[in-house]
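>
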Amino acid sequence: MGGMRIPKDVGERVTLCPDGKYRWIHEVNLLTNPSILFDVWKVLGISMGILVVFGLVIMLFTGNLDLDMLKGFGGGILIASGVIAAISIPGYLVYAAMTGWKYVVLFIMDEKEVVHQQMPKTAKKAQLIGELTMLAGLVAGRPGMVGTGLLAKSRTSMTTTLSSVRRLIPCRRMHLIKVNGLLEKNRVYVPDEDFDFVYDFLCKHCVKAKK
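Mapping of the sequence shown onto the working numbering: residues 133 to 343, in sequence order.
(1) To the nearest angstrom, how far is the alpha carbon of I190 from that of M201?
(2) Can you find at least 3 beta carbon pairs, one from the segment 229-238 and one from the segment 149-162, that sit closer than 8 Å?
(3) With a threshold of 8 Å between beta carbons, is P150 in contact with chain C?
(4) Looking only at its chain, what residues have a beta carbon closer than 7 Å to the beta carbon of G187, apart from the 5 residues adjacent to it on each side?
(5) Return the CA-CA distance between E325 and V172, expressed in angstroms with no decimal places.
(6) Closer than 7 Å to a non-hydrogen atom of the ligand FMN - does that hold for the CB of E316?
(7) Candidates I168, M290, H337: which alpha carbon is nearest G223's?
(8) Cutting at 6 Å between CB atoms, please list the residues of its own chain near M241, excluding the five before and the five after it.
(9) Find out if the Cβ-Cβ distance for the pair A341, R298 is shorter than 8 Å.
(10) At which residues does the alpha helix (DSSP H) containing M191 begin and terminate?
(11) Straight-line CA distance for I309 to L183?
(12) Tell me which residues share the same chain as R197 and place their Cβ nearer than 8 Å to its Cβ, disregarding the 5 neighbours each side in the sequence.
(13) Under 8 Å by Cβ, that's how I've got L314 and C338 pegged, so tell me the actual separation to the nearest angstrom.
(14) Under a three-way DSSP split, which group does R299 fall into?
(15) With DSSP as the reference, please indicate the residues paired to V146 in a beta bridge.
(16) What does the alpha-carbon distance come out to for the pair K343 and F333?
(17) Between the alpha carbons of G177 and A229, how many angstroms are there, rounded?
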């Protein structure tokens, strides 16, 4: 991160640089743009869905799958989902406060790939949050939290090969284009003035993607 060099003329607008790559810097306001919080909820929802399927399979194979058991299991899942959703909001606000209420990203795009690179200040805060999460996991004896913290600490950039993209989802209101592959999901934030250009560029070069 310390060796990352950004051309002086790169700013909020999408800029074609001498090396043939487009670059721009985008600041996501974490209070007015809830896209990151929505992603957190989506991940939590998928996790709860996996838990539900796993629980139903266990009850089916143990012969305990009846109406009363389903009611109790469903009630427990609903309560757990509500608690997790409620906890995620203050957790998100703590993260937002630690990053100065902004998520600052450098994007680099050409015909082959798009790079989502956290700017040094944001990346350092993300690493700090990851370290705190790891420490909390160690103290609580929860390996899952340690793994989550390690991921947050190490993952400050993401590169997506455009030929591997399976779906493009424009979210103009949040200045966001979701660039989804089979196993990875990148997030490309774009200013209003350049939104159509970047989306059309990605549509042209993500030949396997559903638009």
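Think of the CB as a built atom: it goes at the ideal place given N, C-alpha and C, for glycine as much as any other residue.
The answer reads as follows:
(1) The sequence position of residue 190 within the sequence shown is 58, counting from 1. The sequence position of residue 201 within the sequence shown is 69, counting from 1. Going by the C-alpha atoms only, they are around 12 Å apart.
(2) yes
(3) Considering every chain present, this structure includes no chain C. It has just one protein chain.
(4) Residue 187 sits at position 55 when you count from the first residue of the sequence shown. Taken in chain order, the residues that qualify are F205.
(5) The count along the sequence shown starts at 1 and reaches residue 325 at position 193. The count along the sequence shown starts at 1 and reaches residue 172 at position 40. Spanning the two alpha carbons is a distance of roughly 28 Å.
(6) You won't find the ligand FMN in this model; it holds no ligand whatsoever.
(7) Locating residue 223 in the sequence shown gives position 91, where the first residue counts as 1. Closest by alpha carbon: I168.
(8) Along the sequence shown, read from residue 1 onward, the residue named residue 241 stands at position 109. Within the same chain, M241 has close Cβ partners Y154.
(9) Residue numbering aside, residue 341 sits at position 209 when the sequence shown is read from its first letter. Residue numbering aside, residue 298 sits at position 166 when the sequence shown is read from its first letter. Contact flag set, yes.
(10) For the purposes of this step, residue 191 is taken as the residue at position 59 of the sequence shown. It spans 167-194 - the alpha helix (DSSP H) in which M191 sits, taken as one unbroken run.
(11) Residue 309 sits at position 177 when you count from the first residue of the sequence shown. Residue 183 sits at position 51 when you count from the first residue of the sequence shown. About 29 Å.
(12) Start at 1 with the first residue of the sequence shown, and residue 197 comes out as number 65. Here residue 197 is Leu; the residue named in the question, Arg, does not match the sequence. Cβ neighbours of L197 beyond the five flanking positions: L188, M191.
(13) Along the sequence shown, one-based indexing puts residue 314 at 182. Along the sequence shown, one-based indexing puts residue 338 at 206. Rounded, the Cβ-Cβ distance is 13 Å, inconsistent with contact.
(14) The residue given as residue 299 occupies position 167 in the sequence shown. If DSSP states are grouped into helix, strand and coil, R299 belongs with the strands.
(15) The sequence position of residue 146 within the sequence shown is 14, counting from 1. The partner list for V146 (beta bridge, DSSP) is empty, contrary to what the question assumes.
(16) Your numbering for residue 343 matches position 211 in the sequence shown. Your numbering for residue 333 matches position 201 in the sequence shown. Each residue's Cα considered, the two are about 12 Å apart.
(17) Numbered from 1 along the sequence shown, position 45 holds the residue referred to as residue 177. Numbered from 1 along the sequence shown, position 97 holds the residue referred to as residue 229. Approximately 24 Å, taken between the alpha carbons.
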